[in-house]
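Sequential numbering of the sequence shown, starting at -6, is according to my numbering.
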Amino acid sequence: MSTCFYTASSLDGFIATPDDSLDWLLNQDIDENGPMAYPGFIADVGALAMGATTYEWVMEHENGEWTYDQPTWVFTHRDLRPPQHGDVRLVQGDVRRVHAEMTAVAEGRDIWIVGGGELAGQFADAGLLDEVWVQFAPVTLGAGAPLLPRRLDLELIDVARNRAFACTRYRVLHDAQGRDAA
-6 MSTCFYTASS
4 LDGFIATPDD
14 SLDWLLNQDI
24 DENGPMAYPG
34 FIADVGALAM
44 GATTYEWVME
54 HENGEWTYDQ
64 PTWVFTHRDL
74 RPPQHGDVRL
84 VQGDVRRVHA
94 EMTAVAEGRD
104 IWIVGGGELA
114 GQFADAGLLD
124 EVWVQFAPVT
134 LGAGAPLLPR
144 RLDLELIDVA
154 RNRAFACTRY
164 RVLHDAQGRD
174 AA
């Protein structure tokens, strides 16, 4: 079981535009059955974590329908409503406590930090982030939400090309106390 931040990024290191849009990503050329593609990744995921902005984007673009089968923890200080169908838990506070719940529910499967970069950074700060998977799209945004607003030491463990994307997978290096090495 691993806790992974799996995401796409522009070449200049942004995962969303300044107005939190992912539209730049939706017209990119990727093989859904190719290397490091979403269907292969999600098949091993037992629980999800996401921030409020990501949750709101998903709900808007799925017309209010929840499309994930896995239990999902949404970290928020906002007054959000969970969808009518699906296991969505609105939480706040320390990611360590929530990670313990997620681990129990995931039953040996991976935990996916869906977004955003700040939330993934909080898991990294707590020494709980194991891997970072980034699909780099052939686009620059110039500004927006940064991929990971932290310094992390990473080890490249896999790289592949999936049509227009440069796909990378890294292991987060931890120090002797289990914290990130940075």
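The beta-carbon is built from N, C-alpha and C at its ideal position, and this holds for glycine as well.
Fill in: DSSP state of I104 mapped onto helix, strand, coil
When DSSP states are grouped into helix, strand and coil, I104 belongs to the strand group.
Practice prompt. Compare the C-alpha of G57 against each of P64, E49 and L145 and name the closest.
Written response: Nearest C-alpha to G57: E49.
Worksheet item: With 16 as the cutoff for other CB atoms within 10 Å, does G108 come out buried or exposed?
Response: Buried.
Worksheet entry | Coarse secondary structure for E111, derived from DSSP in three states | It is helical.
Practice prompt. Mind checking who T147 pairs with in its DSSP beta bridge?
Written response: Note that residue 147 corresponds to Leu in the displayed sequence, not to Thr. For L147, which the question treats as bridged, DSSP gives the partners V165.
Worksheet entry | Integer-rounded CB distance, given that A113 should sit under 8 Å from L141 | Confirmed, about 6 Å.
Worksheet item: Which of the three DSSP states, helix, strand or coil, is assigned to Y(-1)?
Response: Strand.
Worksheet item: When you compare only the Cα positions, how much space is there between I104 and D123?
Response: One alpha carbon belongs to I104, the other to D123, and they sit about 10 Å apart.
Worksheet item: In three-state terms, what does DSSP make of P32?
Response: When secondary structure is reduced to three states using DSSP, P32 falls in the helix class.
Worksheet item: For D151, which residues from the same chain have a beta carbon less than 6 Å from its beta carbon, with the 5 sequence-adjacent residues on both sides left out?
Response: The residues are R162.
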